[in-house]
Structures are given as structure tokens and as C-alpha cells.
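With numbering that gives the first Met the number 0 applied, the sequence shown corresponds to residues 0 to 604, in that order. A short worksheet on the structure shown next.
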Amino acid sequence: MALPNTAIAAEVSALGLNNNDDSGEVVRESIPDSFGRDTPRQTVQGFISALGENDYLLASNYLNLSKSDNPTTAVRQFKQALDAGGRFQPDLQISNAQEGNLTDQLPPSQENVGRIKVGDTSIPLILERVVSQQGEQYWQFSSETLSLVPEVIENTEPTLVSRYSIDSLEGKKLFGYQLADLAAAIIMIVGVFVLTYIVVWLAYHLLRIAYPRVRGVPLPLPNKVILPFTVVVMALMLSEIMVSAGVSVTIREPINRITEIASWLAVTWLLLRVIDAIFTRAVNLSYRKNYTERVSILGLLRKIVKALLLIFAVIVIFGNLGFDLTTGIAALGVGGLALALGAQKTIENLVGSVVVVADSPVRIGDYCKFGDQEGTVIDIGIRSSRVRTLSRTVVTVPNGDFSSMQIENFASRDMFQFLHMLYIKRSADIDEVFKMVGALDKLLKEHELTNQEWNQANILELRQDCYVIQLRAYVNSVDVIEFYGKQDTLLVDILNKVKKYKVEHALPTQQLIVEQGKADDAKENNDQDEALDAIDEASDATEHSDDAPTESPEDASTSEGEPQPKAVKAVRRKTHRKKSRNYTLAKRKFRRVTKNINLSIWNQP
0 MALPNTAIAA
10 EVSALGLNNN
20 DDSGEVVRES
30 IPDSFGRDTP
40 RQTVQGFISA
50 LGENDYLLAS
60 NYLNLSKSDN
70 PTTAVRQFKQ
80 ALDAGGRFQP
90 DLQISNAQEG
100 NLTDQLPPSQ
110 ENVGRIKVGD
120 TSIPLILERV
130 VSQQGEQYWQ
140 FSSETLSLVP
150 EVIENTEPTL
160 VSRYSIDSLE
170 GKKLFGYQLA
180 DLAAAIIMIV
190 GVFVLTYIVV
200 WLAYHLLRIA
210 YPRVRGVPLP
220 LPNKVILPFT
230 VVVMALMLSE
240 IMVSAGVSVT
250 IREPINRITE
260 IASWLAVTWL
270 LLRVIDAIFT
280 RAVNLSYRKN
290 YTERVSILGL
300 LRKIVKALLL
310 IFAVIVIFGN
320 LGFDLTTGIA
330 ALGVGGLALA
340 LGAQKTIENL
350 VGSVVVVADS
360 PVRIGDYCKF
370 GDQEGTVIDI
380 GIRSSRVRTL
390 SRTVVTVPNG
400 DFSSMQIENF
410 ASRDMFQFLH
420 MLYIKRSADI
430 DEVFKMVGAL
440 DKLLKEHELT
450 NQEWNQANIL
460 ELRQDCYVIQ
470 LRAYVNSVDV
480 IEFYGKQDTL
490 LVDILNKVKK
500 YKVEHALPTQ
510 QLIVEQGKAD
520 DAKENNDQDE
530 ALDAIDEASD
540 ATEHSDDAPT
550 ESPEDASTSE
560 GEPQPKAVKA
570 VRRKTHRKKS
580 RNYTLAKRKF
590 RRVTKNINLS
600 IWNQP
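Right, dumping it as C-alpha cells:
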């Protein structure tokens, strides 16, 4: 396939269609190898996979054999030597680049991937880069390594698996593996784990007893470290034990890969526990030595170290699973700009957390006020800080916003202000008031709970109803709870001192004053109304008595036709008096409306 490509490239160059006029070289794209032998790591993994499938013909493609070698025999002998004492390097230590590891002090075309050691005989497992006739390059186990395999086989002895395996299991497979090898591997894993756990458990409890006697403090490591430490020790021992027992390389390598992943998980878990123990001890030491400003820094460092450890563990685990981390890291570099543009707020909060910790406007445990919220800082994280309010709720504030706020830290004050007012009635003698103020001033300056910062008692204000006495002092206290206790004592002493003087405290009152002249006018108007009513009643009675003479027979006829003159006059006089009375009443009402009663209301403090 390379020849047509070369001919086409040469023809294009001859026609002058190549943009690079200065270079007459032909750029040939590398074609992936059909057997996956492009890198040393892929070569080793492909060979182990072919052995696991018992496809010796496929496995022979990973060996640099001569034309005279029998592929099946060569692969079988090589597998026998690997089963007896082959030890491959971990996957992450084998190069996954096409050119291999150029810093291993070997020729560029060679790569060391492990060792076969049986008894006193030891040969290296060397890969060499082969160039085919078509110009393709790939990796194979070197002919030099294969030539030393017969010598190793001569020194091999029957393995433990072959000697103690049941004959009925010979030739049987499960999940593609020999049943005898699979059973032996399971027994070894369980046995090694149990024995290692017992040893680690005993060592931990012995250390827990001996450590306090030597150092005088309890062991800082919790008993939760027993399990991860057991897994780490088991992973280090299991591979060598399976090699010594003669477990087949086809099952040994996958188990080694799994145990290596488990060991990295266990190491990560163990280091997280150790980090917690170290930082907890550092925080307690900071509190003990009153270095409270270090607590926030230690909390942020703990989170950063844990995050870096988890990222490193994820990279290693994915590398053991066969992922190409080089491409992934390159992709992260290319997408870093896009990620930064899409996560501006997250980066802002991360920078804000560094600012909050470095500038230390507040620390964990401080009571502060920020914006319209206030409370006690309980945590300063990588992205946000949490504050517990007086209502016992937790407010989460992004560090980007928190670092730009105006923060009032109440925990940073060195003393508490005592500021109160006394209200004394104006009826008190002024000389008595001056004596009392002088005594209170002396009390504040000489009291055992106050310091010498600013202690003073003075007349602050003269009101129309009271004297306002200001009491100002500063009290040394660790926190507000202690201050409230000292303030109670100070207030009681001040009130006891005030009792010794002839003064009275001004209490809140209300007064209502009505003008006496307006009240008299209202009473006079009521009296006039009553007098007019009496006159009207008397006039009505007189008219009825005058208008009742005995009628003659002549007048009887006229009384039926039209009214008599005297009766008409009486009705007219009565109507006139009512109109005059209504006019007088309306005038009086108008006068009363225009002269409202004045009220004077004020409050005394």
C-alpha cells in the first residue's frame, strides 16, 4: 500500500502541484499496525491477550522470529518461561509512544518491559522496533530475548499450581482462563488479604498502645486506615506470590492490573485519612497557641491538597485501565481556554477564596456582618463560605462576592463599649445632680471591670422634662457573652450609686391640658339654652289660659266658619319666638365651632 502512495506523491510533485517547493521529500502518513504493535505498551497487552485466547499463531506476530523458527513452539516456550518467572513492568511504566522511551539508556530501537527470573538465571524482556520491507515500523519481542528462553526453561521446576492442582481441572476453562489457574489465583487473593489484614490490625493496635507512652499523646491515625493499608500491602505482595506459585501469566497480568488500580484507590484513601489527621492536628495546635489566623489557611490548603490528590489518582487509574492520557491531557490544554471562558464565575470564586484566606478579613469562628447579613463563619471553602446566622440558618456566600463586600468583624475588637443613658427628672436639685454625676464618673474610672481607655459620666442634654446623663466606658472581654455578664454587674453598681442621691428617674408620661376660659363659655351657653326653654314653656302656659273664655251662643256659629282673632295672634307670637330662638341657637353653635378647645400633649422620656 505504500508504493502507490509514493508513486502518486511523486507524480504530484513532478506536476508542480506541491506547495512546498523547497522540499522534495515525500510526507507519508503513518498507518496503524493491524496487530496493534505501534507502541511498546500496546505490544505487551496484545501479546498477553493473544495468549489468553490460546491463539499461538496470533501471538507469534508479536515475536521477532526467523524463518526457521516454528511459531507455535516458540510461543509455547516463551509462555512457559513467563509462567515460571516472568515479571512485566506496570502498564504506566511501559512507554505508550511510537518511538518508545528515549531516556532509558538503551538504543532508540529497543525498549525494556520486564524480566524473566528463574532460579539464578535472569534475562531481560526487550522489545525492538522492526521495519518491514514496505517501510512499516512496529514493536516485537527481540530475537535476542527469545534466544535465551531455552536456557531458562532448562532451569524450571514444576510450580506449586501444577503440583497441587486437581487432575480433573486440567484442560477446563472458565471465562477463557484455565480453571486451575483461576482457582489458585482466588485462593491466593483471599489468603493474602486475610493474613495481611491480621498483621496490619495487630501492628496498628500495638502502635496505638506504644505511641502514647513514647510521645505522651494519643495516636493521631484512626482505625479506618487499617483496611486501605491492608490493600496496599496486599497489592505489593500478591504479584510476587503468584509468580512464585507459578500462576499463568495470562491470568496474572489482568489480576496485577486490577490490584494495581485497587492499590492506587487504597493509597488515595489512606492519604486522605493521613491528610485529615495532619491538618486536624495542625488546627488544634493553632488554637492551642492562639494562632487563629492560620485556621482558615489550613482549611483551604486541606481542600486543595485533597483535590490535587484525587486528580492524580484519577489520572493513574485511567492510565491503568488502558486510556491514552497523553491525548486527554492535550485535549485539556486545547480546551482550557474554552473552559476558562465558560467557568469565569468559578475561577472568580477560586481567586476570591485565596483573597479571603490571604487577606484574612474573617476567620473560621468569627462573628461578622456583611451586606445585610450577619453571623458566625463556620467554613471557608474553595468556592464559597458558609455563615451561620442568629436564626441558626446557614447562608452560603460565593467567595468572589464575599471578598468584595465590606465586612465588619466583631471578633477582632479588643474591648467592648459600655454606653447607657440615665434620665433624671427636672424637679431634682441641680447641686444634687452634679454631685451624682461626679460620683458616677469616679465609679466608672475606678471600677474593676472597666479599663482606662475612655471612662466618663456627664450631662449630655437638658430637656424640658429631664436631665440626660451619659455613661460611657470600655470593658475588656473575650466575647460578647462575657461582656453581657460584666455589663449586668456594672449597671447594678450604677443604680445602687444613684439611690444614694435625692433624685428621681424620669418615666414616660402623657399630659392633657384644657384651657379654662373655653370651658366656662361652653357652660354659659348650656345655661342660656336651659333658660330659654323654661321661658318658652311659661309663655305657652299663659297663652292657653288667656285664650280659654266661655263662648256665647252667637259666637258658636262664627267659630265654625273662620278662626277668632285672639287665637290667630297667639299662634303668630309663638311662631315668632321659635324663629328667634332658632337664630340664637345657630349663632351660638357657630361661635362654639369657631372657638375650638386647645390641647397640649407631649411625652416625657
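Where a beta carbon is used, it is the ideal one built from N, C-alpha and C, also for glycine.
- Between the beta-carbon of S141 and that of L126 there is about 7 Å, and that keeps the pair under the 8 Å contact cut.
- Under the DSSP assignment, K368 falls in the beta strand (DSSP E) whose first and last residues are Y366 to F369.
- Only residues of its own chain outside the window of five on either side were considered, and among them R382, P397, N398 and G399 have a CB closer than 6 Å to the CB of N348, listed in chain order.
- When F87, L64 and D358 are compared, the shortest CA-CA separation from I115 is found for F87.
- Taking every protein chain shown into account, the CB of T449 has 16 or more other CB atoms within 10 angstroms, so this residue is buried.
- At least 9 Å separates the beta-carbon of V43 from that of S59.
- Annotated three-state conformation of M435 is helix, per DSSP.
- Closest by C-alpha distance to G370, out of Q405, V386 and V353, is Q405.
- With 16 or more other Cβ atoms inside 10 Å of its own Cβ, G374 counts as buried.
- In this model, K498 and L490 are separated by some 13 Å (Cα to Cα).
- Taken atom to atom, the span from the alpha-carbon of L91 to that of L50 is near 21 Å.
- According to the DSSP assignment, V376 belongs to the beta strand (DSSP E) that extends over Q372 to I379.
- Within the region 385-445, the runs of alpha helix (DSSP H) at least 4 residues long that lie entirely inside it are, in chain order, 398-403 and 429-445.
- Contact annotation: the region 190-208 touches the region 226-245, with at least three C-beta pairs closer than 8 Å.
- Under the three-pair Cβ rule at 8 Å, the region 461-476 counts as touching the region 412-431.
- Rounded to whole angstroms, the Cβ separation of W263 and I316 is 6 Å, and the two are in contact under 8 Å.
- In this structure, D32 sits near E135, with a CB-CB distance shorter than 9 Å.
- L57 sits away from F77, with the two beta carbons spaced by 9 Å or more.
- Residue I363 holds the alpha-carbon nearest to the alpha-carbon of S411 among I363, A182 and E239.
- Rounded to whole angstroms, the separation of the alpha carbons of S65 and V148 is 15 Å.
- Within the same chain, T38 come within 7 Å of A96 by CB-CB distance, once the 5 residues on both sides are set aside.
- With contacts defined by Cβ atoms closer than 9 Å, D275 and R301 form a contacting pair.
- For R86, the pairing in a beta bridge is given by DSSP as R114.
- DSSP places Q44 within a helical segment (H, G or I) once states are collapsed to three.
- In the three-state reduction of the DSSP assignment, Q486 falls in the helix class.
- Residue nearest to S48 within the set Y286, Y483, L418 and S247 is S247 (criterion: CA-CA distance).
- For the 9 Å CB-CB criterion, I152 and A80 form a contact.
- Shown here, P221 sits in coil according to DSSP, grouped into three states, outside any helix or strand.
- In terms of Cβ geometry, F278 and L307 do not form a close pair [threshold 9 Å].
- Beta-bridge analysis with DSSP links S383 to P397.
- For V350 against V361, the beta-carbon gap comes to about 17 Å, at or over 8 Å, which does not count as contact.
- The beta strand (DSSP E) runs of length 3 or more contained entirely in the region 275-313 do not exist; there are none.
- Of the other Cβ atoms in all chains shown, 16 or more fall within 10 Å of the Cβ of E259; this residue is therefore buried.
- Setting aside the 5 residues that flank it on each side, M187 is surrounded in the same chain by L237, I240, M241, A244 and V246, each with a C-beta closer than 8 Å to its C-beta; the list follows chain order.
- Considering only V189, A505, V232 and Q132, the residue with the shortest C-alpha distance to V198 is V232.
- The shortest C-alpha to C-alpha distance from T71 to any of D82, N53, G84 and V117 is the one to N53.
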